[in-house]
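Protein chains in written order, with my numbering: chain H, 1375 to 1718; chain W, -12 to 272.
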């Protein structure tokens, strides 16, 4: 395994080196929250080493809320390529990219905007060493530390000034960065590796304890949109769409057109199956007219449709939808109810 | 998750932009019925499609809507699209004139499986503007009639005036035609001497070898629902092909809108066997 010891001041030097040829985003702790900021506007002391995931879903870097995607009649849209790096990602963030990759990097048609950003972005992840109230990655195939999907992963352990830094075997980019900065890396010690493993286990245990009250039901697809479970959820839902906007795997969008002189710009803007007009067609028919059918769809999509097509869940267990819901709808409680309903 | 290494090997710069529309001139417009017109389009770049696949047609600056071409895939230089006035985009299209430019991209989806139909009787059932994609299929079937068994078309519309492709219907109804045609209208007029009633009435005494036959249905949801119910008395669920329609935006399985059970209509359809979709709740809503 390409795993090294690194004093935390060296990690700052590593970030500095990475930022010399790419735009680097790092978590910073402001009065209100912890959010991604551009490194070059900050002093190195402003870099915050996050204990758990940030509020912002990482999809915003690859699939922004709104962007132009083509022009007409001449498609002369010029998109500049920006080499980027993001530090502060957690396993659930990486997992969300794994979901979006299935959508946007299909075998037949590829979204070039997503693909370009994906290729141009270096992913620096880190272990979770505290869990949030809404975290349940352990229930959807994850764990509170990355196992893959990153270029570089950093493990910080309580009470240690030294970090453990893993260079992904499959990332040529990360290997180049390692070679260019070899002096910052030291051999990993047994003691640190053991501590990493025990820290990881203890966070995992906490997660399991927290979420032992529910299971992911096996056949969400068999529950009719008219089942009382959905009526109960719909009663609390205020149709704000926050759960889908903040969800790191929700990928629905709408194309729209805007004429400027003789050119037409086609844009792509986030959409949500929570909204009433989502499935309405010309002529007025609307298969998901009822809120029940729409709240069901969000669950069915992640635990039914996506699972059936890709063999893993379309939910990463990040808990952002739980945190953001004004109606206090907790996905875990709903899944629990669905399981109970299935047994009846 | 091997995406990065997979991506590193891809030539990102050479990827096609699937959101780009090709300008196409409207070269002719035919009035088919009071609310349906057929547009012949001449795209600046040739668009090759298989019968039953669809394109996204845009009114520049207004928006897009999906349509399955009604012309034969063998006629490659021009594409015909038959459009009913239903919403904003189709409304504007109906007010456009020959010589104006629209945008097209595609084709998308999975069309009619001609190879599955080989050697078998094909019963085609259409309602209203639903005959549009079926016409493309019928062109393909009749281009090689020896490859298929008996080809039948049962077609219904609101009134005689609402029947589309009136010239073709006359040809297909002639005694030398490869097609066994039967028409019906919900409401006749003083000149109408044919059947009156819904299209399912035409399915009561089927003269098709249903044992070795397939059925293909396209029309409004209510017509598809009852036609399918009726066809299930004669055909295997996996031998009934249905053209499904949903709200669509991207056309290739990314934007989410056209979900139908575990499928996306744009990518996995628009043509499905009844067997694929029969368990989906609220299929016809």
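Glycine included, each C-beta is placed from N, C-alpha and C at the ideal position.
Under three-state DSSP, which class holds residue 1516(H)? coil
In whole angstroms, give me the CA-to-CA distance for residue 1521(H) and residue 1640(H). 38 angstroms
Measure how close the beta-carbons of residue 1584(H) and residue 1505(H) come, nearest whole angstrom, since I'm counting them as under 8 angstroms. 7 angstroms
Looking at the structure shown, is residue 1644(H) part of a helix, part of a strand, or coil, going by DSSP? strand
Please name the residue in 1441(H), 1665(H), 1404(H), 1429(H) whose C-alpha comes closest to that of residue 1419(H). 1404(H)
According to a CB-to-CB cut-off of less than 8 angstroms, which residues of the stretch 1505 to 1532 of chain H neighbour chain W? 1522, 1523, 1525
According to DSSP, is residue 71(W) helix, strand or coil? strand
In chain order, what residues of the same chain lie with their CB nearer than 7 angstroms to the CB of residue -11(W), ignoring the 5 residues before and after it? The pLDDT assigned to residue -11(W) is 46, lower than 50, so where the model puts this residue is not dependable; a value taken from the coordinates is nonetheless given after this. Closer than 7 angstroms at Cβ, skipping near neighbours: no residue.
Let me see if you follow: with CB-CB separation under 7 angstroms, is residue 5(W) close to chain H or not? yes
Are the stretch 1652 to 1661 of chain H and the stretch 1498 to 1515 of chain H touching, with three or more C-beta to C-beta distances below 8 angstroms? no
Just grab the DSSP bridge partners of residue 1527(H) for me. 1499(H), 1540(H)
Enumerate, from N- to C-terminal direction, the unbroken alpha helix (DSSP H) stretches of 4 or more residues contained entirely within the stretch 1611 to 1676 of chain H. 1616 to 1620, 1665 to 1674
According to DSSP, residue 26(W) sits in a beta bridge with which residue or residues? 16(W), 68(W)
With 7 angstroms as the threshold, decide whether the Cβ of residue 218(W) is near any Cβ in chain H. no
For residue 1421(H), collect the residues of the same chain with a Cβ closer than 6 angstroms to its Cβ; drop the 5 residues on either side in sequence, then sort them by chain order. 1400
With H, G and I counted as helix, E and B as strand and the rest as coil, what does DSSP make of residue 151(W)? coil
Identity of the residue in 74(W), 103(W), 14(W) nearest residue 199(W) by Cα: 103(W)
For the alpha helix (DSSP H) containing residue 1549(H), list its first residue and its last residue. 1546 to 1554
Can you grab the Cα-Cα spacing for the pair residue 1602(H) / residue 1531(H), in whole Å? 46 angstroms
Residues that residue 1458(H) bridges to, as DSSP identifies them: 1397(H), 1495(H)
Residues of chain W with CB closer than 9 angstroms to the CB of residue 1653(H), please, in chain order. 233, 234, 244, 245, 246
Checking contacts by CB at 7 angstroms: is residue 249(W) closer than that to chain H? yes
Pair every Cβ in the stretch 1538 to 1549 of chain H with every Cβ in the stretch 1704 to 1714 of chain H, then say whether three or more of these pairs are closer than 8 angstroms. no
Using a threshold of 6 angstroms, is the CB atom of residue 1434(H) nearer than that to any non-hydrogen atom of the ligand MN? Ligands in the displayed structure: none, and consequently the ligand MN is not present.
Chain W residues whose Cβ lies nearer than 8 angstroms to that of residue 1630(H): 50
Under 7 angstroms between C-beta atoms of residue 68(W) and residue 41(W): no
Residues of the stretch 89 to 104 of chain W in Cβ contact with chain H at a cutoff of 8 angstroms, in chain order, please. 90
Looking only at C-alpha atoms, which of 121(W), 244(W), 88(W), 165(W) sits nearest to residue 133(W)? 165(W)
Just reading off the beta strand (DSSP E) that residue 1476(H) is part of, what are its end residues? Not the beta strand (DSSP E): residue 1476(H) falls in the alpha helix (DSSP H), residues 1465 to 1478.
Taking the straight line between their C-alpha atoms, what separation do you get for residue 1388(H) and residue 1555(H)? 7 angstroms
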